[in-house]
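Q: Have a look at this one.
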Amino acid sequence: MKLQQLRFILAIADNDLNITQASESLYTSQPGVSKQLRLLEEELDIKIFERNGKNLSGITPAGQVVLEKANAIMEQIEGIKQYSNEQNPDRRPLPVATRAIASNVTPFGLVAA
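If you're matching positions, the sequence shown starts at 36 in our numbering and goes up one per residue.
Right, dumping it as C-alpha cells:
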C-alpha cells in the first residue's frame, strides 16, 4: 500500500467518483489512477467502490471504512509536516513553477526528488 494510492482513492471520493476529474485534480493520468485503484483493491482484497460497467457508482461499506482510515492517515501526515515546519522555522520549501523542459537544464542540486 502506498500513500499515493490513498491520495488517489480520496480524490476519487472527493470528485463524485469521477476518476477523470480526480486525475486532473492530482495532475496525473486517468489510466494511472485507475491502475493504482485496481492494485490497492487487489492488495487489500476489498472492493472500495461499486461499479456499473466501467463507471464507479458508489462506495462499498468496506470502502467507506478504508476511506475513513485513509483520511485519518493523511491528516496524521499533515500533522507531521506541520510539526516539522515548526521545528525547523528557517527551512521552508520554496515552490518553483517551470515548464517541463526546465527539468532537463536545471542543475541537479536544485531539483527536489
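C-beta: ideal position from N, C-alpha, C; glycine also.
Could you tell me the alpha carbon to alpha carbon distance between Ala-46 and Asp-125, rounded to whole angstroms?
A: Their Cα atoms are separated by approximately 32 angstroms.
Q: Have a look at Ala-148 and Leu-52 and give me their C-alpha separation to the nearest angstrom.
A: Low confidence applies here, because Ala-148 scores a pLDDT of 47, under 50, leaving its location unreliable; read the following figure in that light. Going by the C-alpha atoms only, they are around 30 angstroms apart.
Q: Starting from the C-beta of Leu-75, find all residues in its chain whose C-beta is less than 6 angstroms away, skip the five residues before and the five after it, and write them out in chain order.
A: Excluding sequence neighbours, Leu-75 sits near Gln-40.
Q: With contact counted as at least three CB pairs below 8 angstroms, one residue from each stretch, are the stretch 102-116 and the stretch 65-74 in contact?
A: The stretch 102-116, when compared against the stretch 65-74, does not touch it at the 8 angstroms Cβ threshold.
Q: Please name the residue in Lys-82, Leu-91, Glu-77 and Lys-37 whose C-alpha comes closest to that of Asp-49.
A: The residue with the shortest Cα to Cα distance from Asp-49 is Leu-91.
Q: How far does the alpha helix (DSSP H) with Leu-45 in it reach, from first residue to last?
A: Run containing Leu-45: 38-49, per the alpha helix (DSSP H) assignment.
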